[in-house]
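Structure first, commentary second.
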Amino acid sequence: MRCCNWTYFRGTFDVLLTRYHDAINYLNQKTNHRNKNKVNFYDMTSSILEVNTGSIDTDYINSRFEKYIKSLNDGSNVEDIEAAKKQLHSSFAYLSKDEQKYASIFLKDIERGEVKIIPNKSIREYINDYIVEASNNKIDIVAKTFLKEGKEQELRNIIQLNLNANNLNAYNRFTEFKKCIDINKAAIYFNQLEQKELSTKDINTKIDSFFRAFVVDVDNTDFKDLNENKSE
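In terms of our numbering, the sequence shown opens at residue 6 and continues consecutively.
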């Protein structure tokens, strides 16, 4: 009788666990918008693993990253570089869906020579840098699109409170924040987005719906920058 391959099982389990967490986060994103109860994680690891899987996964991904960077710096042949790149890309399966997105962008930036690699900086740190930068840029654009002049910090302040759908308007926080919104800017945006003239009531409804989602979850709230290609 052949013994099971624990390393293979652990790797497969961790990838599936990451996808499970992605699914729960997606459900919570949807239920947050409808003010329903949050979906809780079932702790599948407690009776199966007693190791820090997050730390092990990070170490594994980082080892693949270091191997890839070494192959680039050592002037390895194209085949070896591609093999190292493929191994690194495969290790992204241990990351969440959002992390995978930014890891792939980071990898492409390396290929284009647009990243300065800092010794001893882990790939997780690079990915986190990309996530933070993307969030900051998104907040900046949303503020310019919807808010009155000089009110961006108010948006950042309420986001930093890490609120959820249930406590969003505790102490009238959300109601007070909405006073920072320029209704004329919002009307221009939503009329252009919908390609029709919306009533003031509809504009206010869309403002409320959008910012309830955005304040709770910046990264996963859909927002189309209508000015993105105007400067090109």
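Even glycine gets a Cβ: it sits at the ideal position worked out from N, Cα and C.
Whole-angstrom distance between residue j and residue i, CA atom to CA atom
| i | j | result |
| --- | --- | --- |
| ILE164 | ASP224 | 11 Å |
| ILE128 | SER76 | 16 Å |
| GLN92 | LYS190 | 47 Å |
| ILE66 | ALA88 | 15 Å |
| ASN232 | ASN196 | 14 Å |
| GLU157 | ASN78 | 42 Å |
| TYR135 | LYS201 | 36 Å |
| GLU104 | PHE111 | 10 Å |
| LYS113 | LYS121 | 13 Å |
| PHE179 | LYS102 | 29 Å |
| TYR118 | PHE70 | Sequence inspection shows Gly at residue 118; the Tyr mentioned does not correspond to that position. Spanning the two alpha carbons is a distance of roughly 16 Å. |
| ILE86 | ASN162 | 44 Å |
Reduced DSSP category for residue i - H, G, I as helix; E, B as strand; rest coil
| i | result |
| --- | --- |
| SER52 | Low confidence applies to SER52: its pLDDT is 45, below 50, so where it sits in the model is not reliable enough to give any reading. |
| ILE186 | strand |
| LEU231 | coil |
| LEU166 | coil |
| LEU203 | coil |
| LEU100 | coil |
| LEU152 | strand |
| VAL221 | helix |
| GLU119 | coil |
| HIS38 | Here HIS38 scores only 49 on pLDDT, less than 50, and its place in the model is too uncertain to base an answer on. |
| THR226 | coil |
Residues near residue i in its chain [Cβ-Cβ closer than 8 Å; skip 5 each side]
| i | result |
| --- | --- |
| GLU159 | LEU152, PHE182, CYS185 |
| LEU203 | ALA192, PHE195, ASN196, LYS211 |
8 Å contact criterion, which residue i and residue j should meet: CB distance rounded
| i | j | result |
| --- | --- | --- |
| ILE4 | ALA108 | Because the chain spans 6 through 237 in this model, residue 4 falls outside it and cannot be assessed. |
| ILE146 | ASP230 | 5 Å |
Contact set for residue i: own chain, Cβ-Cβ below 6 Å, skip 5 residues either direction
| i | result |
| --- | --- |
| ARG217 | none |
| GLU55 | Since pLDDT at GLU55 reaches only 45, below the 50 mark, its modelled position is unreliable, and the value read off the structure follows with that caveat. Excluding residues within five positions, none has a Cβ falling inside 6 Å. |
| THR63 | ARG129 |
| LEU173 | PHE179 |
Cβ-Cβ distance between residue i and residue j below 9 Å
| i | j | result |
| --- | --- | --- |
| LEU168 | VAL221 | yes |
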